[in-house]
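Visitor: Mapping the sequence shown onto this note's numbering, position 19 (from 1) lands on 32, and the numbers just tick up by one. Beta carbons: idealized from backbone N, C-alpha and C, even for Gly. Values in this document were obtained by computation on a predicted structure and should not be read as measured data. The following block contains the structure, expressed as structure tokens.
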Amino acid sequence: MTGGALTLAQRALSLLDSGEEAQATVTAERSLLLRFGRSRPTQATAVDDLTLEATILRDGHTGSAATNRTDDESLKACVRAAAASAAATAASEDSGPYPGLPSPAAGRPHDGHDARTARLDPAEGGAALAAAFEATAAQGAEAHGVWTAAEVETAIASTAGAAAVDRLTDAYMKVAAITPGGTSGFAAATSVATTGLDPRTIAETAARKATAAAAEPARLPAGEYPVVMEATAVGELLTWLGALAFNGLAHAEERGALAGRLGKRVAAASINLSDSPRYRGTLPRAFDAEGVPKAPLPLIQDGVAHRVVHDTRSAALAGARTTGHALAPGGAPMGPAPTNLVLVGGGAADEAALCAPIERGVYVTRLWYTNPVRPKETLLTGLTRDGTFLIEDGKIAAPLGDLRFTDSVLGILERTQDLSARPVLTSEGEYYGRRFATGVLCPALRTAGVRFNA
14 MTGGALTLAQ RALSLLDSGE EAQATVTAER SLLLRFGRSR PTQATAVDDL TLEATILRDG
74 HTGSAATNRT DDESLKACVR AAAASAAATA ASEDSGPYPG LPSPAAGRPH DGHDARTARL
134 DPAEGGAALA AAFEATAAQG AEAHGVWTAA EVETAIASTA GAAAVDRLTD AYMKVAAITP
194 GGTSGFAAAT SVATTGLDPR TIAETAARKA TAAAAEPARL PAGEYPVVME ATAVGELLTW
254 LGALAFNGLA HAEERGALAG RLGKRVAAAS INLSDSPRYR GTLPRAFDAE GVPKAPLPLI
314 QDGVAHRVVH DTRSAALAGA RTTGHALAPG GAPMGPAPTN LVLVGGGAAD EAALCAPIER
374 GVYVTRLWYT NPVRPKETLL TGLTRDGTFL IEDGKIAAPL GDLRFTDSVL GILERTQDLS
434 ARPVLTSEGE YYGRRFATGV LCPALRTAGV RFNA
């Protein structure tokens, strides 16, 4: 609904009482999701949804309400509900931490919209599934997973003068290939466009790992081992790091992992991590949930902690300025977060080159069921899954069963020895509720040690 989203947001603002400070956000999502299991389609879901959210400010507090209706009476009711929420909060608490809506600023354009993907042709998804089924069957395995694509338009209008519109597309496919013996392998891809996915290659990669894992698994006692992680596993760790270390609200409240550590070395010198919303290969965005333009922000430079991210609320608490990382109007309860993490690649040609120096270690495809144990230390626990292998004498030698790890993300990065040259875009790709596609652009890496439990 190009143009119409912003008009609708502005129409909602026109229904405010005089003097109200408010923001209206309109999100229009069109998406298609195809699930499959045992090399058969199992679910097809199409979404065509428009939501308007009104956010009103009272005495440093915000209140919000949302509606799917666009008639004047429904918009008025939504605005009244948001005002009542803000008033109730302001009446029950002291003056709040929200300093006021940010001043408007022009965002920069990006190449995050693909016209072909926006057509959401079900036949394209069907062809992707057929290619995956054929590729896994050729290696004696079955395909399980998801193919999905979407177009999302977001418009923001505010009484501070914001008037911003962003249109994005994204596509994602993951395949878990499973053999009759129950061994599994995994591969996935994320892109702005469906043409950026190669379903046959994704499925073949997953099936090769599954069939390789069908050999007699080796046993590995608990301990610390050198590890090569594929980009999918690295992306999981960096996503957690974004929440535990770079959240400006947690940092201002001294709960964050970088409290007292900015300007200090926290990782290997080869680690250069930023939040870069227009870096080639990412899922770009023009502005955050408060309409603040996105801009590149260095987070770790040559291993040294450099910055954390802020929305308007966390910036006010920290005596800083918003960096354009609001996840919700007025600030999400959990605080801001980076949504376009980019880890620069290193000197290794590929994963095989990363394995070459290791006498005995572990190769990890992806991590699963990860959870924080001690957030301020970035200490996580979780399992390896769908392709864990023993490395011996520089080569993958045998499959391993899934291993439980308990280790610090910053510790793993501090012990990083090398990275592959080419970063790839990784994403979880599962969407429950409002679609908000994000990804981590990162390479594979070799770290000197990861702690595995018995």
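Assess, as a yes-or-no matter, whether the segment 425-435 is touched by the segment 199-211 under the definition of 3 or more beta carbon pairs within less than 8 Å.
Guide: Output reads no: the segment 425-435 does not touch the segment 199-211.
Visitor: Using the C-alpha atoms, what's the distance from T149 back to Y292?
Guide: The alpha-carbon atoms of Y292 and T149 are separated by roughly 33 Å.
Visitor: May I have the straight-line CA-CA distance separating T336 from A118, to the nearest angstrom?
Guide: Going by the C-alpha atoms only, they are around 13 Å apart.
Visitor: With a CB to CB cut of under 8 Å and the five nearest residues on each side skipped, what residues in its chain are close to G294?
Guide: Taken in chain order, the residues that qualify are P436, V437, L438 and L454.
Visitor: Measuring straight from C-alpha to C-alpha, what distance separates L393 and E86?
Guide: Roughly 49 Å between the two C-alpha positions.
Visitor: Going by DSSP in three states, R278 sits in which element: helix, strand or coil?
Guide: Strand.
Visitor: Where does P388 sit, in a helix, a strand or coil, going by DSSP?
Guide: P388 falls in the helix class under three-state DSSP.
Visitor: Take the Cβ of A450 as the centre, count every other Cβ of all protein chains shown within 10 Å, and call the residue buried at 16 or more, exposed below.
Guide: Under this definition A450 is a buried residue.
Visitor: What three-state label does DSSP hand H338 in the structure shown?
Guide: It is coil, neither helix nor strand.
Visitor: Among G125, A226, C91 and A329, which residue has its Cα nearest to the Cα of A154?
Guide: Measuring from the Cα of A154, the nearest candidate turns out to be A226.
Visitor: Under three-state DSSP, which class holds Q314?
Guide: Correct three-state label for Q314: strand.
Visitor: According to DSSP, which residues form a beta bridge with V92?
Guide: According to DSSP, V92 bridges with nothing at all.
Visitor: If contact is defined by three or more beta carbon pairs under 8 Å, each pair taking one atom from either stretch, is the segment 161-180 in contact with the segment 230-238?
Guide: No, the segment 230-238 is not in contact with the segment 161-180.
Visitor: Spatial neighbours of V279 within its chain, please: C-beta separation below 6 Å, excluding the five flanking residues on both sides.
Guide: Only A318 and L423 meet the Cβ criterion.
Visitor: Since G255 and A282 are thought to touch, with beta carbons under 8 Å apart, how far apart are those beta carbons, to the nearest angstrom?
Guide: Incorrect: roughly 21 Å between the Cβ atoms, too far for contact.
Visitor: I need the straight-line Cα distance from L271 to F259, nearest angstrom please.
Guide: Roughly 7 Å between the two C-alpha positions.
Visitor: Helix, strand or coil, according to DSSP, for F259 in the structure here?
Guide: In this structure, F259 counts as coil in the three-state DSSP scheme.
Visitor: Determine, using beta-carbon pairs with one atom in the segment 131-150 and one in the segment 68-75, whether at least three such pairs fall under 8 Å.
Guide: Short answer: they don't touch.
Visitor: Answer with buried or exposed for G414, where buried requires no fewer than 16 other C-beta atoms within 10 angstroms of its C-beta.
Guide: It counts as exposed.
Visitor: Does the segment 20-37 come close enough to the segment 53-62 to have 3 or more Cβ pairs within less than 8 Å?
Guide: The segment 20-37 vs the segment 53-62: no contact.
Visitor: Taking the alpha carbon of S77 as the point to measure from, which residue in R334, T38, T401 and R43 has its own alpha carbon closest?
Guide: Minimum Cα distance to S77 is reached at T38.
Visitor: Can you tell me whether E66 is buried or exposed, with buried defined as 16 or more other CB within 10 angstroms of its CB?
Guide: Result: buried.
Visitor: Let me know the secondary structure DSSP gives S289 once reduced to three states.
Guide: Looking at S289 - three-state DSSP - the assignment turns out to be coil, as it is neither helix nor strand.
Visitor: Measuring alpha carbon to alpha carbon, tell me which of E266, E390, N466 and R448 ends up nearest T397.
Guide: Ranking the options by Cα distance to T397, first place goes to N466.
Visitor: Who does L181 pair with in a DSSP beta bridge?
Guide: In the DSSP output, where bridge partners are listed per residue, L181 has V165.
Visitor: Restricting to runs no shorter than 3 residues, where is the beta strand (DSSP E) found entirely within the segment 42-90?
Guide: Listed in chain order, the complete beta strand (DSSP E) runs (minimum 3 residues) inside the segment 42-90 are 53-71 and 74-80.
Visitor: For the putative contact between A461 and V247, defined by C-beta atoms under 8 Å, what is the C-beta separation to the nearest angstrom?
Guide: With 8 Å as the limit, A461 and V247 do not qualify as a contact, their Cβ atoms being about 15 Å apart.
Visitor: Count the other CB atoms, across all protein chains shown, that sit within 10 Å of the CB of P193; report buried if there are 16 or more and exposed otherwise.
Guide: Result: exposed.
Visitor: Could you tell me which residues DSSP pairs with A201 in its beta bridges?
Guide: Looking at the DSSP assignment, A201 forms a beta bridge with K187.
Visitor: Looking at P297 and G125, is the spacing between their C-beta atoms short of 8 Å?
Guide: Cβ distance < 8 Å, so G125 and P297 count as in contact.
Visitor: According to DSSP, is A457 part of a helix, a strand, or is it coil?
Guide: In the structure shown, A457 sits in coil (DSSP, three-state: anything other than H, G, I, E or B).
Visitor: Please report the residue range of the alpha helix (DSSP H) in which Q23 lies.
Guide: Unbroken alpha helix (DSSP H) run through Q23: G17 to L26.
Visitor: Residues in its own chain within less than 6 Å of L286 by CB, not counting five upstream and five downstream?
Guide: L312, I313 and L356, listed in sequence order.
Visitor: Flag this pair as touching only if the segment 361-376 and the segment 319-331 have three or more C-beta atom pairs under 8 Å; answer yes or no.
Guide: No: the two stretches stay apart, fewer than three of their Cβ pairs being nearer than 8 Å.
Visitor: Locate the alpha helix (DSSP H) running through P412, then write down its first and last residues.
Guide: Where P412 is concerned, there is no enclosing alpha helix (DSSP H), although the beta strand (DSSP E) it sits in stretches over K408 to P412.
Visitor: Is G462 helix, strand or coil when you go by DSSP?
Guide: Strand.
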